[in-house]
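K.L.:
Can you read through this structure? Questions will come right after.
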Amino acid sequence: MSALSKTVRKFVFDRFLEYSRPPVLEEIMARFELDRVAAFGVLKELHDSHLLVLLAGSQRILMAHPFSSIASPFGVFVSNKKYFANCAWDAIAFHVMLGEDTTVDSFCHHCAEKIKIQLSKNKIVSSKPKEPIIFIGVPASKWWENVVNTCSNNMIFFSSKRDQEEWQEKHPGQTGKTLSIDQAIKLSIPLYQYKMKLDYARPTKDELNIYMNSMGLKGDFWKL
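Start counting the sequence shown at 37; every next residue gets the next number (this note's numbering).
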């Protein structure tokens, strides 16, 4: 990746962190003295590298995981600022990325019960309800085939295992796997821990497969 692309990526993440929204293309043009074609070319490179997601058919940034540019059911509070995550996993990943006390403010996908999870030092400080889970409804190898669908509809919170099972009874064609909150914290580390750094690089598929295997996330479902 070019030095310019790295710097623009960092600029996008810094703007999200400061303002809870991404920069628009014109702000990138002005900041880096680029014409529109060149500025969008950098964003397209970052999109193709899975370092951010552009809104289809536009020149606007939709996602820079874990940040969402639009409201979602996955609210996050850090240092008195509110952010929106793209999915349940991203909501947990905010804490790993920023390393600060974090409150996740979300809902059960089945019954809409409020879910509030407080995180500190990569541990759960409190959780209401006591044992919410994250349901992953798309195999890892297909996460990026339609990342909007994956995040919006297939990485979701349930208040409990029972809620997830009741939901699946009503949606018999929907299969998937579940993560505990502790597992989601651990899974976030290689992907999110250094995302705010200028020289961040995504781990390779092989690196992530090895890491997930070490967590006990084995089998075809988890293979990238």
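Quick reminder that beta carbons are idealized off the backbone N, C-alpha and C, glycines included.
Keep in mind that this is a model prediction, so the values were computed, not measured.
For Asp141, does the three-state DSSP call read helix, strand or coil?
P.N.:
Taking the first residue of the sequence shown as 1, we reach residue 141 at position 105. Asp141: strand per DSSP, three-state reduction.
K.L.:
Where do the N-terminal and C-terminal ends of the beta strand (DSSP E) with Ser250 fall, by residue?
P.N.:
Here residue 250 is taken as the residue at index 214 of the sequence shown, counted from 1. No beta strand (DSSP E) contains Ser250, which is instead part of the alpha helix (DSSP H) from Lys241 to Ser250.
K.L.:
Return the bridge partner residues of Ile64 from the DSSP annotation.
P.N.:
The residue labelled residue 64 in the question sits at position 28 within the sequence shown. Bridge partners of Ile64: none, in fact.
K.L.:
For the beta strand (DSSP E) containing Ser162, list its first residue and its last residue.
P.N.:
Here residue 162 corresponds to residue number 126 of the sequence shown, with the count starting at 1. Lys159 to Lys164 is the extent of the beta strand (DSSP E) around Ser162.
K.L.:
Just the Cα atoms here: how many angstroms apart are Ala66 and Ala129?
P.N.:
One-based indexing of the sequence shown puts residue 66 at position 30. One-based indexing of the sequence shown puts residue 129 at position 93. Ala66 and Ala129: Cα-Cα distance of roughly 31 Å.
K.L.:
Do the stretch 198-216 and the stretch 167-182 make contact, defined as three or more Cβ pairs closer than 8 Å?
P.N.:
By the Cβ test, the stretch 198-216 is in contact with the stretch 167-182, since at least three Cβ pairs between them sit closer than 8 Å.
K.L.:
Go ahead and pull the three-state DSSP assignment for Gln154.
P.N.:
On the sequence shown, residue 154 is found 118 positions in, with the first residue counted as 1. DSSP places Gln154 in strand when its eight states are reduced to three.
K.L.:
For Pro102, count neighbouring C-beta atoms within 10 Å of its own C-beta (all shown protein chains included) and say buried if the count is 16 or more, exposed if not.
P.N.:
Walking along the sequence shown from the start, residue 102 turns up at place 66. So Pro102 counts as buried.
K.L.:
Shortest alpha-carbon distance to Val174 belongs to which of Gly209, Ser156, Gln154 and Ser163?
P.N.:
Here the question's residue 174 lines up with position 138 in the sequence shown. For Val174, the nearest C-alpha among the options comes from Gly209.
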